[in-house]
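Note that UniProt numbering has the sequence shown beginning at 1, numbered continuously upward.
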Amino acid sequence: MLNLSVLVRFENQTIVIGKTYQGGIVFYIDGTGEHGLVASPADQGTYLAWSDASNLVSNLVLNGYDDWLLPSQAGLGLMYKNIGYGAAAPLTNIGGFAPAYYWGTLAVGYSDWAWEGYFGDHGSGGGAGGNATPIANFLYVRAVRAF
C-alpha cells in the first residue's frame, strides 16, 4: 500500500546545497530549483586508472540509484566549490573529499585524456576542474548523478 503522506512530504522537500537528496549530497541546483546534481556520499575508489573508474561508476548501484557518472570538468569545479574544501563554512568539505586528484569525464576530442580535479584546501593548491591528465594515471573516484 502506498503512503501518500510520505510521498507528499518528499515532493515538498526543499533542495539545499550540502543536504542529502536522491542518493547523494547536493552540490548544484539549477535555476528552477527542481533539478541539479548530487555527489555520492563517499569515494568509490582510490588510485584507479580512468577505464577502471569509468567501469566502476557505470555499474554502480548506490542508495537505490543506478545512473551514476563521472563528473564533467564543470562538475568537478562545482563539487570543490560547493561541498569540498572550496566551500564556505559550514559546508567546507562536507563531501568528505580526500586531499587528492579525482577523475572526471574524458576531455572533449581526446580518447586518452580526461579531466582531473584536485580537492585539497586552497593553501595546498586546491581548486578542482582545471586540468586534463592521461587516462593511465591513477586517481580517486567520486560518482555523481543528476536529479
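Each residue gets a CB set at the ideal place from its N, CA and C atoms; glycine is no exception.
Who are the Cβ neighbours of residue i in its own chain at under 6 Å, not counting the five residues just before and after it?
{"i": "residue 68", "result": "57, 60, 143, 145"}
{"i": "residue 47", "result": "138"}
{"i": "residue 106", "result": "114"}
Would you kindly work out how many angstroms separate the C-alpha atoms of residue i and residue j, rounded to a whole number?
{"i": "residue 120", "j": "residue 100", "result": "6 Å"}
{"i": "residue 95", "j": "residue 109", "result": "30 Å"}
{"i": "residue 104", "j": "residue 34", "result": "24 Å"}
{"i": "residue 111", "j": "residue 147", "result": "28 Å"}
{"i": "residue 102", "j": "residue 55", "result": "15 Å"}
{"i": "residue 42", "j": "residue 21", "result": "14 Å"}
Keeping to the same chain, check which residues put their C-beta closer than 7 Å to that of residue i; ignore five residues upstream and five downstream.
{"i": "residue 26", "result": "15, 16, 17, 18, 19, 36, 38"}
{"i": "residue 23", "result": "38, 62, 63, 64, 65, 145"}
Would you say residue i and residue j are within 8 Å of each other, going by their C-beta atoms?
{"i": "residue 98", "j": "residue 113", "result": "no"}
{"i": "residue 135", "j": "residue 72", "result": "no"}
{"i": "residue 87", "j": "residue 81", "result": "yes"}
{"i": "residue 76", "j": "residue 117", "result": "yes"}
{"i": "residue 140", "j": "residue 78", "result": "no"}
Identify the continuous alpha helix (DSSP H) that holds residue i and give its terminal residues.
{"i": "residue 80", "result": "73-83"}
Where do the N-terminal and C-terminal ends of the beta strand (DSSP E) with residue i fall, by residue?
{"i": "residue 91", "result": "Note, residue 91: premise wrong, no beta strand (DSSP E); not H, not E."}
{"i": "residue 114", "result": "113-118"}
{"i": "residue 108", "result": "Unbroken run through residue 108: none, as it is neither H nor E."}
{"i": "residue 141", "result": "139-141"}
{"i": "residue 134", "result": "131-134"}
{"i": "residue 98", "result": "No beta strand (DSSP E) holds residue 98; DSSP gives it neither H nor E."}
Which same chain residues, not among the five before or five after residue i, have their C-beta less than 8 Å away from its C-beta?
{"i": "residue 85", "result": "92, 93, 97, 99, 119, 120, 121, 122, 126"}
{"i": "residue 49", "result": "135, 136, 137, 138"}
{"i": "residue 53", "result": "44, 45, 70, 103, 139, 141"}
{"i": "residue 8", "result": "Note that residue 8 scores a pLDDT of 34, beneath 50, so its modelled location is shaky; the value from the coordinates is reported in the next line. Correct list: empty, nothing qualifies."}
{"i": "residue 13", "result": "21"}
Using a Cβ cut-off of 8 Å (strictly closer), state whether residue i contacts chain B.
{"i": "residue 66", "result": "Although the question refers to chain B, the structure presented lacks it and comprises just one protein chain."}
Going by the C-beta, is residue i closer than 7 Å to any heavy atom of the ligand ADP?
{"i": "residue 21", "result": "The ligand content of the structure shown is nil, which means the ligand ADP is not present either."}
Scan the region 30-73 and note each continuous beta strand (DSSP E) run of 3 residues or more that stays entirely inside, going in chain order.
36-39, 45-48, all fully within the region 30-73.
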